Amino acid sequence: MDRTTHEIIARRYDGRLQRGHVRWKLRVDPAYAATAAAIAGTPLPLLDIGCGLGLLGQYLNALGHVQPYVGLDHDRRKILAAQSAAHRGGLDAVVNLQHAGADELPAVRGHVALLDVLHYLSAERQRSLLQAAAGHLAPDGCLVIRSVLREPNWRFHATRVEEFFLRVSGWIPGGAQHYPTAAELRRPLEDAGLDVCIESLRGRTPYNSYLIVARAHR
62 MDRTTHEIIA
72 RRYDGRLQRG
82 HVRWKLRVDP
92 AYAATAAAIA
102 GTPLPLLDIG
112 CGLGLLGQYL
122 NALGHVQPYV
132 GLDHDRRKIL
142 AAQSAAHRGG
152 LDAVVNLQHA
162 GADELPAVRG
172 HVALLDVLHY
182 LSAERQRSLL
192 QAAAGHLAPD
202 GCLVIRSVLR
212 EPNWRFHATR
222 VEEFFLRVSG
232 WIPGGAQHYP
242 TAAELRRPLE
252 DAGLDVCIES
262 LRGRTPYNSY
272 LIVARAHR
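Heads up: take any position in the sequence shown, counting from 1, add 61, and you land on the working numbering.
Encoded structure:
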C-alpha cells in the first residue's frame, strides 16, 4: 500500500493525534499486511475482536477485499472514532463496528483476528477468549493473532516500557495484565483442533511481537 492511500485513510479520522497514529501504524506495523495475506482468496467474513479504531477494516477495503468486516471494541471512544472514519470513507455497507466486549461475540463464522488484545486480559480470560474465537471459525477460516510473548530478551522489556506509557496516557485503560508464552497460546488452540504456526512479526518496531495463525486440521 502506498503513502497516498495511507494519507487517504488517515484523513478520515479526527484530529492530529488520531491521524498521526494512523499514519504511523500504516507505515510501520506489519500486522495488517500479515492478516490480509492470511485471509486472501476467500469470501468469508472477518470478525476483528478488539478492533480499536477499525484500521484493519480500512486497510482491507483499500486493498480490494470485499468480504464483510465486523469490528468489536469495549472502548466506546475508539468505536465512535472508527464509525466516523468508516462513514467518511463510504464504508458503512461493508464495515460493521460495534461497541462490545470480548465476552459479547456476535454470531459470525468466518475468519477471526485478535491483534494486540490478549496481553490486556488475565491468563484465564486469554484461554477463554481463544476457545471462543476458535468457535467462530468457519471450516476454511483462520484465526490471526498478533501478540507480545513473554521471553527473556530486550525486545520484551522494550514492550513493557511502551505498555507502561500506553496505560498512563489513558489510551489503554488498565494496561497489560498477563504476557503469555508461546506455549500458553498454542495449547488451547491445539486442544480446539487447530494447527498453529508462530513466527516473529516485529516489522520496523522494537517490540517482541509474534504472528500466530491457526487453522483447522486438513
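We put the CB at the ideal spot given by N, CA and C, even for glycine.
A quick note: this is a predicted structure, and the numbers were derived from the prediction, not measured.
- The beta carbons of residue 275 and residue 259 sit no closer together than 7 Å.
- Considered as a whole, the segment 156-189 harbours 156-160, 172-176 as its complete beta strand (DSSP E) runs of no fewer than 3 residues, in chain order.
- Three or more pairs of CB atoms, one per stretch, sit closer than 8 Å, so the segment 128-135 contacts the segment 150-166.
- A residue is called buried once 16 or more other Cβ atoms fall within 10 Å of its Cβ, and residue 96 is buried on that count.
- As computed with DSSP, residue 256 is found in a beta bridge with 276.
- Of the candidates 152, 139, 273, the residue whose Cα lies closest to the Cα of residue 118 is 152.
- For residue 209, the beta-bridge partners assigned by DSSP are 270.
- Pairing residue 98 with residue 75, the inter-Cα distance amounts to about 29 Å.
- Per DSSP, reduced to three states, the secondary structure at residue 111 is coil, with no helix or strand assignment.
- Straight through space, the alpha carbons of residue 77 and residue 251 are spaced by roughly 43 Å.
- The residue among 176, 193, 239 with its C-alpha nearest the C-alpha of residue 113 is 176.
- Here residue 261 is bridged, per DSSP, to 271.
- Within the DSSP bridge table, the entry for residue 134 names 160 as partners.
- Three or more beta-carbon pairs drawn from the segment 203-216 and the segment 173-187 are found closer than 8 Å, and the two stretches are therefore classed as touching.
- In the DSSP annotation of this structure, residue 128 is not part of any alpha helix (DSSP H), being labelled neither H nor E.
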